[in-house]
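Student: Mapping to my numbering: the sequence shown position 24 is 33, numbers consecutive. Backbone N, C-alpha and C define an ideal beta-carbon position, used for all residues, glycine too.
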Amino acid sequence: MRVEPFTVGDFVHVFNRGNRGMPIFRDVNDKWRFLKILRFLNDEYLPSHPFREITSLATFDVAKLNPLAGKSFEWPKHWPPHKPLVKILSYKAKKDHFHLLLKEIVKGGISKFMKRVGDAYTKFFNTKYNEVGKVFQGSYRGRTVRGDIKNLHYLDAYIQVFNAFEEYPGGIKRALVNFDEAFEFALNDPFCSLGESFGKRNFNIIDRDILAKDFPDLETYKEFVKDALLVRNIREILGRLTIE
Numbered sequence: 010m011r012v013e014p015f016t017v018g019d020f021v022h023v024f025n026r027g028n029r030g031m032p033i034f035r036d037v038n039d040k041w042r043f044l045k046i047l048r049f050l051n052d053e054y055l056p057s058h059p060f061r062e063i064t065s066l067a068t069f070d071v072a073k074l075n076p077l078a079g080k081s082f083e084w085p086k087h088w089p090p091h092k093p094l095v096k097i098l099s100y101k102a103k104k105d106h107f108h109l110l111l112k113e114i115v116k117g118g119i120s121k122f123m124k125r126v127g128d129a130y131t132k133f134f135n136t137k138y139n140e141v142g143k144v145f146q147g148s149y150r151g152r153t154v155r156g157d158i159k160n161l162h163y164l165d166a167y168i169q170v171f172n173a174f175e176e177y178p179g180g181i182k183r184a185l186v187n188f189d190e191a192f193e194f195a196l197n198d199p200f201c202s203l204g205e206s207f208g209k210r211n212f213n214i215i216d217r218d219i220l221a222k223d224f225p226d227l228e229t230y231k232e233f234v235k236d237a238l239l240v241r242n243i244r245e246i247l248g249r250l251t252i253e
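1. Exposed or buried, which one is residue 47 when buried takes at least 16 other CB atoms within 10 Å?
2. Report all residues from its chain with a CB closer than 7 Å to the CB of residue 68; omit the five preceding and five following residues, and keep chain order.
3. Helix, strand or coil: which one does DSSP assign to residue 153?
4. Tell whether a beta-carbon distance below 8 Å holds between residue 128 and residue 33.
5. Here's the rule I'm using: 16 or more other beta-carbon atoms within 10 Å means buried, otherwise exposed. How should residue 22 be labelled?
6. Kindly indicate which three-state DSSP category residue 244 falls into: helix, strand or coil?
7. If you run the structure through DSSP and keep just helix, strand and coil, what is residue 87?
8. Am I right that residue 149 and residue 25 are in contact with their C-beta atoms under 8 Å? What's the rounded C-beta distance?
9. Give every residue of the same chain whose Cβ lies closer than 8 Å to the Cβ of residue 141, excluding the five residues on either side of it in the sequence, and list them in chain order.
10. In the DSSP assignment, find the beta strand (DSSP E) that holds residue 234 and state where it starts and stops.
11. To which residues does DSSP link residue 25 through a beta bridge?
12. In angstroms with no decimal places, state the Cα-to-Cα distance between residue 157 and residue 145.
13. What do you reckon, are the CB atoms on residue 220 and residue 98 nearer than 8 Å?
14. Out of curiosity, what's the CA-to-CA distance linking residue 168 and residue 245?
15. Looking only at its chain, what residues have a beta carbon closer than 6 Å to the beta carbon of residue 133, apart from the 5 residues adjacent to it on each side?
16. With a 10 Å radius around its C-beta and 16 neighbouring C-beta atoms as the bar for buried, classify residue 247 as buried or exposed.
17. Just tell me which of 179, 147 and 84 has its CA closest to the CA of residue 54.
18. Which stretch, first to last residue, makes up the beta strand (DSSP E) that contains residue 37?
19. Looking only at DSSP bridge pairs, what is residue 95 linked to?
20. Give the straight-line distance between the Cα atoms of residue 186 and residue 90, rounded to the nearest whole angstrom.
21. Taking the alpha-carbon of residue 126 as reference, which of 153, 180 and 59 has the nearest alpha-carbon?
22. Assign residue 117 to buried or exposed, taking buried as 16 or more other Cβ atoms, counted over all protein chains shown, within 10 Å of its Cβ.
23. With 16 as the cutoff for other CB atoms within 10 Å, does residue 147 come out buried or exposed?
24. What residues match up with residue 102 in a beta bridge as DSSP calls it?
25. I need the DSSP call for residue 145, collapsed to helix, strand or coil.
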């Protein structure tokens with residue numbers, strides 16, 4: 010799929026899937042590395058070996074994770090002040106693909122950032138599993154969010170709630186029946202940005218300034234999501250903006 014040209018100010022739904030539909034995350038530590046790539050490679054400054062320079066790269070014990078600590082996501086003190094290439098509004102890492110909602114803030118920022126993400130994760134994956142070749146189907150797929158601000162709201166809910174609901178025991182249908190419980194499930198998913206969006210975790214990956222204007226608290230957002238998923242058909246609303 011041809012990637013659309015983006016201009017500064019564009020909001021973009023970015024997606025990538027494993028090559029030949031294969032899993033890109035084989036264990037929980039693969040997902041942690043992906044989140045750290047989102048955090049530390051989203052910057053104009055890039056050392057030759059960024060992860061060698063980050064001292065706190067110990068893997069998490071998810072059962073003991075303090076969601077408010079986020080110590081291993083602190084910006085290295087010896088690096089220049091953080092100057093992001095893109096704004097990351099939301100994300101979800103799944104077994105064989107991932108979704109991102111990005112804002113282009115510097116010319117070519119999304120393209121540069123996604124190349125870094127793809128290259129860094131491919132190198133990590135192939136080294137860890139002693140493999141060669143492509144990890145992803147291609148560079149990435151991206152679609153610009155146009156029209157009413159509501160499209161941005163719905164896409165955000167699709168990425169960080171609908172996709173998390175698909176992993177709820179029993180799948181999306183069961184999640185919709187048990188909406189409150191499933192929403193809590195998504196909120197506690199460390200590989201979904203929902204918890205970070207509303208202060209449950211502090212990984213410093215996302216920038217919620219834009220969406221926080223319309224959803225100042227969790228309950229307001231939850232009611233919006235409930236309407237989007239239970240009353241409306243979020244996939245029909247979004248149409249071509251959803252990428253599978």
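Tutor: Reading it off the structure:
1. buried
2. Bear in mind that a pLDDT of 48 at residue 68, under 50, signals an unreliable position, so the model cannot answer this.
3. strand
4. no
5. buried
6. helix
7. DSSP places residue 87 in coil when its eight states are reduced to three.
8. Separation of the CB atoms of residue 149 and residue 25 is rounded to 5 Å, and the pair is thereby assigned contact status at 8 Å.
9. So the qualifying residues of the chain are 135.
10. Element bounds for residue 234: not the beta strand (DSSP E) but the alpha helix (DSSP H), 227-235.
11. 107
12. 32 Å
13. yes
14. 15 Å
15. These residues qualify, in order along the chain: 42.
16. buried
17. 84
18. According to the DSSP assignment, residue 37 belongs to no beta strand (DSSP E) but to the alpha helix (DSSP H) extending over 37-49.
19. 113
20. C-alpha of residue 186 to C-alpha of residue 90: approximately 46 Å in a straight line.
21. 59
22. exposed
23. exposed
24. 107
25. strand
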